[in-house]
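Below is one structure; the comments refer to it alone.
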Amino acid sequence: MKGDYYRYLAEVASGDNKSKTIENSQQAYQSAFDISKTEMEPTHPIRLGLALNFSVFFYEILNSPDKACELAKKAFDDAIAELDQLHEESYKDSTLIMQLLRDNLTLWTSDNAPEEGNAGEGEAGETEN
């Protein structure tokens, strides 16, 4: 949530304040993401939601679509690989977030493809905490 908070601030900040806010956001996301990778299964909805929001940060704030796609794709692929071990109580949440990851990947890869018409317009999905 700390990463999300700083990301929202970065959307409206300017100058030196924006740079520091972006740095704080990235540090918070990275720290939480590192912990989630050691403490949670790839299908855990919190880990998936964090990957989703961190990838949105890379795409929208850092303007780094390659890194955003890499992170989202790895989270999605890791979860798919362990889908058979998904706990029943988190199945709905996990699969919804996996769908959002896949939707963003589709949107972001079409945004980076040569433009034909207005394909790829829309907002990137993210989880609400």
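1 is the number of the first residue of the sequence shown in full-length UniProt numbering; add one for each residue after it.
For glycine and all other residues, C-beta sits at the position ideal for the given N, C-alpha and C.
Distance, residue j Cα to residue i Cα
{"i": "Glu39", "j": "Tyr91", "result": "18 Å"}
{"i": "Lys2", "j": "Ser25", "result": "7 Å"}
{"i": "Phe76", "j": "Ser36", "result": "15 Å"}
{"i": "Ala79", "j": "Ala68", "result": "17 Å"}
{"i": "Arg47", "j": "Ser14", "result": "30 Å"}
{"i": "Ser31", "j": "Thr95", "result": "24 Å"}
{"i": "Lys18", "j": "Gln27", "result": "14 Å"}
{"i": "Lys20", "j": "Asn63", "result": "16 Å"}
{"i": "Asp16", "j": "Glu23", "result": "11 Å"}
Classification of residue i by the beta-carbon crowding that lies within 10 angstroms, buried from 16 upward
{"i": "Met98", "result": "buried"}
Whole-number beta carbon distance between residue j and residue i, since they are thought to touch under 8 Å
{"i": "Tyr29", "j": "Trp108", "result": "Not a contact, Cβ separation roughly 17 Å."}
{"i": "Glu41", "j": "Glu89", "result": "The pair is not a contact, with the Cβ atoms about 13 Å apart (cut-off 8 Å)."}
{"i": "Pro45", "j": "Asp93", "result": "4 Å"}
{"i": "Leu9", "j": "Thr43", "result": "Between Thr43 and Leu9 the Cβ distance is about 31 Å, and since that is not below 8 Å, they are no contact."}
Endpoints, alpha helix (DSSP H) assigned at residue i
{"i": "Glu23", "result": "Gly15 to Glu39"}
{"i": "Phe54", "result": "Pro45 to Val56"}
{"i": "Ala75", "result": "Pro65 to Ala81"}
{"i": "Asp111", "result": "Tyr91 to Asn112"}
Cβ-based neighbour list, residue i, same chain, cut-off 6 Å, excluding 5 preceding and 5 following
{"i": "Ala72", "result": "Ser55, Leu101, Asn104 and Leu105"}
7 Å Cβ shell around residue i - same chain, five flanking residues per side excluded
{"i": "Arg7", "result": "Ser25, Phe57 and Ile61"}
{"i": "Asn112", "result": "Pro65"}
{"i": "Ala50", "result": "Going by the sequence as given, residue 50 is Leu instead of Ala. Closer than 7 Å at Cβ, skipping near neighbours: Ala32, Phe33 and Ser36."}
Neighbourhood of residue i by C-beta distance below 8 Å, restricted to the same chain and skipping five residues each side
{"i": "Glu70", "result": "none"}
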